[in-house]
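2 protein chains.
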Amino acid sequence: MSAPSKVTIGDVARHAGVSKGTVSLAYSGKRPVSEETRQRIFSAAAELNWTASHRARALATARTGAIGLVMARDPEVLATDAFFSKFLSGCERVLAEHDMGLMLHAVTTAEAEHLVYERLAAGRADGVILLDVEIDDPRFALVQRLGLPAVVLSAHEPTRGETAGLPTVFSDDSPAITELVALMAEAGHTRIAHVAGPAHYIHGRIRQEAFSAAMRKRGLDDSLVIEGDFTASSGRDATAQLLDLPQPPTAILFANDMMAIAGLSLARSRGVRVPEDLSLSGYDDSELSAHLSPALTTVSTGAVQRGQLAVTTLLAALAGEDPGAVLADHTTVLPRDSIAPPPRP
Amino acid sequence: MSAPSKVTIGDVARHAGVSKGTVSLAYSGKRPVSEETRQRIFSAAAELNWTASHRARALATARTGAIGLVMARDPEVLATDAFFSKFLSGCERVLAEHDMGLMLHAVTTAEAEHLVYERLAAGRADGVILLDVEIDDPRFALVQRLGLPAVVLSAHEPTRGETAGLPTVFSDDSPAITELVALMAEAGHTRIAHVAGPAHYIHGRIRQEAFSAAMRKRGLDDSLVIEGDFTASSGRDATAQLLDLPQPPTAILFANDMMAIAGLSLARSRGVRVPEDLSLSGYDDSELSAHLSPALTTVSTGAVQRGQLAVTTLLAALAGEDPGAVLADHTTVLPRDSIAPPPRP
DNA sequence: CTGAAAGCGCTTACAG
DNA sequence: CTGAAAGCGCTTACAG
Numbered sequence: 001m002s003a004p005s006k007v008t009i010g011d012v013a014r015h016a017g018v019s020k021g022t023v024s025l026a027y028s029g030k031r032p033v034s035e036e037t038r039q040r041i042f043s044a045a046a047e048l049n050w051t052a053s054h055r056a057r058a059l060a061t062a063r064t065g066a067i068g069l070v071m072a073r074d075p076e077v078l079a080t081d082a083f084f085s086k087f088l089s090g091c092e093r094v095l096a097e098h099d100m101g102l103m104l105h106a107v108t109t110a111e112a113e114h115l116v117y118e119r120l121a122a123g124r125a126d127g128v129i130l131l132d133v134e135i136d137d138p139r140f141a142l143v144q145r146l147g148l149p150a151v152v153l154s155a156h157e158p159t160r161g162e163t164a165g166l167p168t169v170f171s172d173d174s175p176a177i178t179e180l181v182a183l184m185a186e187a188g189h190t191r192i193a194h195v196a197g198p199a200h201y202i203h204g205r206i207r208q209e210a211f212s213a214a215m216r217k218r219g220l221d222d223s224l225v226i227e228g229d230f231t232a233s234s235g236r237d238a239t240a241q242l243l244d245l246p247q248p249p250t251a252i253l254f255a256n257d258m259m260a261i262a263g264l265s266l267a268r269s270r271g272v273r274v275p276e277d278l279s280l281s282g283y284d285d286s287e288l289s290a291h292l293s294p295a296l297t298t299v300s301t302g303a304v305q306r307g308q309l310a311v312t313t314l315l316a317a318l319a320g321e322d323p324g325a326v327l328a329d330h331t332t333v334l335p336r337d338s339i340a341p342p343p344r345p
Numbered sequence: 346m347s348a349p350s351k352v353t354i355g356d357v358a359r360h361a362g363v364s365k366g367t368v369s370l371a372y373s374g375k376r377p378v379s380e381e382t383r384q385r386i387f388s389a390a391a392e393l394n395w396t397a398s399h400r401a402r403a404l405a406t407a408r409t410g411a412i413g414l415v416m417a418r419d420p421e422v423l424a425t426d427a428f429f430s431k432f433l434s435g436c437e438r439v440l441a442e443h444d445m446g447l448m449l450h451a452v453t454t455a456e457a458e459h460l461v462y463e464r465l466a467a468g469r470a471d472g473v474i475l476l477d478v479e480i481d482d483p484r485f486a487l488v489q490r491l492g493l494p495a496v497v498l499s500a501h502e503p504t505r506g507e508t509a510g511l512p513t514v515f516s517d518d519s520p521a522i523t524e525l526v527a528l529m530a531e532a533g534h535t536r537i538a539h540v541a542g543p544a545h546y547i548h549g550r551i552r553q554e555a556f557s558a559a560m561r562k563r564g565l566d567d568s569l570v571i572e573g574d575f576t577a578s579s580g581r582d583a584t585a586q587l588l589d590l591p592q593p594p595t596a597i598l599f600a601n602d603m604m605a606i607a608g609l610s611l612a613r614s615r616g617v618r619v620p621e622d623l624s625l626s627g628y629d630d631s632e633l634s635a636h637l638s639p640a641l642t643t644v645s646t647g648a649v650q651r652g653q654l655a656v657t658t659l660l661a662a663l664a665g666e667d668p669g670a671v672l673a674d675h676t677t678v679l680p681r682d683s684i685a686p687p688p689r690p
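Chain order of the listed sequences is Z and B. Under the numbering used here, the first residue of the first sequence is numbered 1, with each subsequent residue one higher. Under the numbering used here, the first residue of the second sequence is numbered 346, with each subsequent residue one higher.
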């Protein structure tokens with residue numbers, strides 16, 4: 001059990017009777033190497049149990065072989081977020097193909113976040129993906145100042161200048177919201193409330209705007225909106241507030257599953273039947289939502305595909321292309337049992 | 346916006362009129378540098394906007410400055426797992442202090458997992474933390490063969506040889522389970538069931554063994570055990586199975602919150618009142634559990650502290666110490682509203 | 001198809 | 001307290 005892996009490309013070269021350059025070429029395939037010497041090299045490497053040092057390669061190629069991802073949300077919230085781990089797994093899928101890795105950072109303050117991006121830019125990552133983007137997000141300027149390649153993940157098609165010219169992968173959250181409103185309205189609901197996500201997030205704002213637009217287009221009152229923060233606790237509180245209204249809504253559209261599930265639980269504990277007395281919908285398609293009783297109508301956001309697309313787009317940018325704004329169209333409403341006609345008055 | 350960061354330590358040295366070595370020393374403090382030249386160096390660096398290249402430093406020091414973490418669970422399951430993101434945030438806390446990062450990999454097959462460890466060992470990480478450990482986990486031998494420093498996270502004190510001599514951070518899951526059984530038994534329950542996690546995981550097995558031991562010690566029947574897989578879907582199915590019994594249990598102890606929440610939802614949809622007709626408990630303290638109605642009695646596992654401790658321990662191992670087995674004693678039962686006396690027969 | 005050599009940008013003995 | 005130089009282990013023009 002003595003320290004292994006001290007064998008270098010030089011040892012392999014010597015063992016195979018070739019130069020270090022040839023060993024390198026045999027693996028990279030960047031120039032032809034005769035079949036015979038290639039075999040000699042491979043068996044020498046196998047015999048010596050050699051693997052190229054990632055650190056040396058990184059310095060020589062000026063590539064770290066990793067992308068950065070920084071999560072700036074409270075870990076408690078992240079914990080129950082259906083999006084992240086699926087997104088991560090999508091990223092990993094394409095990173096693995098390219099022999100790359102993912103540097104993950106969790107921060108809780110703005111200063112810490114700033115620092116992390118500086119460290120990433122200093123050679124710990126070749127580029128980053130920007131999540132939970134805000135209006136005029138300060139990170140847009142930061143990554144550009146740092147010369148750190150980045151792609152931003154957004155919830156709608158960026159208007160000009162909105163993402164400061166950075167490559168963007170966007171899904172449009174609006175159609176799904178419109179569809180949910182339609183589902184509720186067509187079941188006969190007229191008093192429909194929305195428990196929104198924070199409006200400073202683009203995805204929070206977009207969902208709320210889509211809700212209002214859809215309601216108004218049907219001539220319905222769109223004023224029943226409470227802003228939550230994606231946590232179960234805010235979902236529960238918002239639901240309590242709505243149920244306490246003199247004219248409580250008969251349907252509530254939540255901006256994510258966690259808030260919806262907490263709301264569902266609260267409603268039932270008050271003797272409000274779901275969906276007979278109250279219809280509900282979530283957003284994000286968490287595993288729980290499908291296995292609740294009743295199962296929660298929600299929206300699958302194609303988080304895995306967005307992860308894949310985000311990485312693909314970042315790699316394209318690293319290769320010198322300008323990917324522009326690319327659409328991820330995997331958002332789908334999943335109608336389940338939590339929406340039914342409203343009770344007779 | 347031309348490519349920045351092409352400024353090197355040599356530029357700074359020249360600008361400050363010193364050697365590259367002195368610049369290096371001024372920052373690392375590994376040898377004294379006169380206050381005056383230090384200032385010259387710092388202002389030169391500031392003026393040129395220089396930051397040391399992480400890649401070059403990594404090669405020179407034979408340290409990557411990152412630890413590896415590989416998640417081998419289904420992303421759908423991870424998504425709703427209360428443990429990971431808190432654990433990650435704990436890791437980050439101490440990594441940040443040491444100017445280090447975290448390489449995260451998500452894999453779904455055993456081969457992929459094997460490959461990931463080889464890549465990590467090739468210089469992408471200085472060490473790894475082993476999660477979701479199994480009996481005779483093949484990774485123990487793998488990391489040792491690869492010469493990859495590792496610490497394992499376990500759910501009980503390792504018996505000799507169990508973790509192959511690797512440094513181990515363990516929390517003992519047994520006392521919390523014993524306490525939950527006591528809570529239920531003292532409320533008057535005798536037919537208590539357990540919906541377990543997979544027995545091939547150490548934490549799954551330990552919780553189940555603790556359940557059986559606690560039940561037997563009280564002279565209660567410990568045979569009502571169903572093995573789930575930590576998903577909401579398995580929690581729902583197991584609960585259905587239990588409620589369909591001719592003599593259904595009056596209390597169910599679940600091995601994690603997700604299964605418990607799905608079980609709670611199913612029970613109520615069948616008209617079974619919680620906690621009046623059925624008492625329930627979870628494990629992991631997910632954010633949702635506290636904001637459900639009724640709030641779920643569960644177990645806080647100190648995931649953040651365990652993350653911190655795991656990294657601290659790994660850093661100690663990297664520094665050449667032998668940390669042995671260290672106890673993380675932050676497991677606490679959180680009594681809430683989901684346990685009450687059983688209904689009168 | 002292959003070799004010898006320079007270079008990537010730091011750190012760290014070795015001298016002074 | 002400081003400098004000059006070697007070294008970390010690869011890759012990649014440059015020659016042949």
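From the three backbone atoms N, C-alpha and C, an ideal C-beta is built for every residue, glycine too. Only a predicted model underlies this, so the values are computations on that prediction, with no experimental measurement involved.
I'd like the list of long-range same chain contacts for residue i, defined as Cβ closer than 7 Å, with 5 residues on each side in sequence excluded.
i                      : result
alanine 661 of chain B : Pro668
valine 94 of chain Z   : Gln308, Val311, Thr312
leucine 370 of chain B : Arg376, Val378
Is it true that the CB of residue j sits closer than 7 Å to the CB of residue i?
i                         : j                        : result
serine 430 of chain B     : proline 75 of chain Z    : yes
glycine 263 of chain Z    : threonine 239 of chain Z : yes
serine 300 of chain Z     : aspartate 277 of chain Z : no
leucine 565 of chain B    : threonine 535 of chain B : yes
alanine 112 of chain Z    : methionine 71 of chain Z : no
isoleucine 339 of chain Z : leucine 243 of chain Z   : no
isoleucine 252 of chain Z : leucine 280 of chain Z   : yes
valine 225 of chain Z     : alanine 255 of chain Z   : no
valine 678 of chain B     : glutamate 524 of chain B : yes
serine 233 of chain Z     : histidine 443 of chain B : no
proline 690 of chain B    : alanine 532 of chain B   : no
glycine 468 of chain B    : serine 53 of chain Z     : yes
threonine 643 of chain B  : aspartate 602 of chain B : yes
lysine 365 of chain B     : glycine 355 of chain B   : yes
arginine 400 of chain B   : alanine 60 of chain Z    : no
arginine 563 of chain B   : alanine 530 of chain B   : yes
On a Cα-Cα basis, can you pick out the residue from the options that is closest to residue i?
i                        : options                                : result
threonine 454 of chain B : Z/Leu102, Z/Ala122, Z/Ser89            : Z/Ser89
aspartate 481 of chain B : B/Val461, B/Tyr462, B/Leu465, B/Gly510 : B/Gly510
serine 293 of chain Z    : B/Ala538, B/Ala640, B/Leu611           : B/Leu611
leucine 115 of chain Z   : Z/Lys20, Z/Met258, Z/Met100, Z/Leu142  : Z/Leu142
arginine 490 of chain B  : B/Thr504, B/Glu463, B/Arg505           : B/Glu463
proline 335 of chain Z   : Z/Ala319, Z/Gly320, Z/Ala295           : Z/Ala295
proline 520 of chain B   : B/Asp426, B/Glu554, B/Thr504           : B/Glu554
Among the residues of its own chain, which have a CB less than 6 Å from the CB of residue i, if the five just before and after it don't count?
i                         : result
arginine 205 of chain Z   : Ala199
isoleucine 547 of chain B : Val478, Ser499, Ala500
proline 512 of chain B    : Val496, Thr658, Ala662, Pro668
isoleucine 41 of chain Z  : Ala16, Val23, Ala26
arginine 552 of chain B   : Asp518, Ile522, Ala600
threonine 8 of chain Z    : none
Anything in chain Z within Cβ reach of residue i, meaning under 7 Å, just list it in chain order.
i                        : result
threonine 409 of chain B : Arg55
glutamate 437 of chain B : His105, Ala106
What in chain Z is Cβ-close to residue i, meaning under 8 Å?
i                       : result
arginine 469 of chain B : His54, Gly65, Ala66, Gly101
In chain B, which residues lie with their C-beta within 9 Å of the C-beta of residue i?
i                         : result
alanine 16 of chain Z     : By Cβ distance, chain B contributes nothing, its closest Cβ being about 19 Å from alanine 16 of chain Z, past 9 Å.
isoleucine 206 of chain Z : Under the 9 Å cutoff, chain B gives no residues; its nearest Cβ is about 22 Å from isoleucine 206 of chain Z.
Excluding sequence positions up to five away, which residues of its chain have a Cβ less than 8 Å from the Cβ of residue i?
i                         : result
alanine 470 of chain B    : Thr409, Ala411, Ile412, Gly413, Met448, Leu493
alanine 673 of chain B    : Val514, Phe515, Ser516, Gly647, Gln650, Arg651, Leu654
methionine 215 of chain Z : Val181, Ile192, Asp221, Asp222
proline 688 of chain B    : Thr595, Glu621, Asp622
Please list the partners that residue i has in chain B, where partner means a Cβ-to-Cβ separation under 7 Å.
i                      : result
proline 335 of chain Z : Correct list: empty, because the minimum Cβ distance to chain B is about 18 Å.
Starting from the beta carbon of residue i, find every residue of chain B whose beta carbon is closer than 8 Å, and list them in chain order.
i                       : result
serine 233 of chain Z   : Glu632, Ala635, His636
threonine 51 of chain Z : Glu463, Ala466, Ala467
Would you mind telling me which residues of chain Z sit closer than 9 Å to residue i, beta carbon to beta carbon, in chain order?
i                       : result
arginine 713 of chain B : The question about residue 713 of chain B has no answer, for chain B in this structure spans 346 to 690.
Note to self: For the segment 150-158 of chain Z against the segment 121-141 of chain Z, do three or more pairs of beta-carbon atoms, one drawn from each stretch, fall closer than 8 Å, so that the two count as touching?
What the structure shows: yes
Under 8 Å: do the segment 643-650 of chain B and the segment 235-254 of chain Z share three or more Cβ pairs, one atom per stretch? no
Cβ contact (3+ pairs, closer than 8 Å) linking the segment 39-47 of chain Z and the segment 15-23 of chain Z
yes
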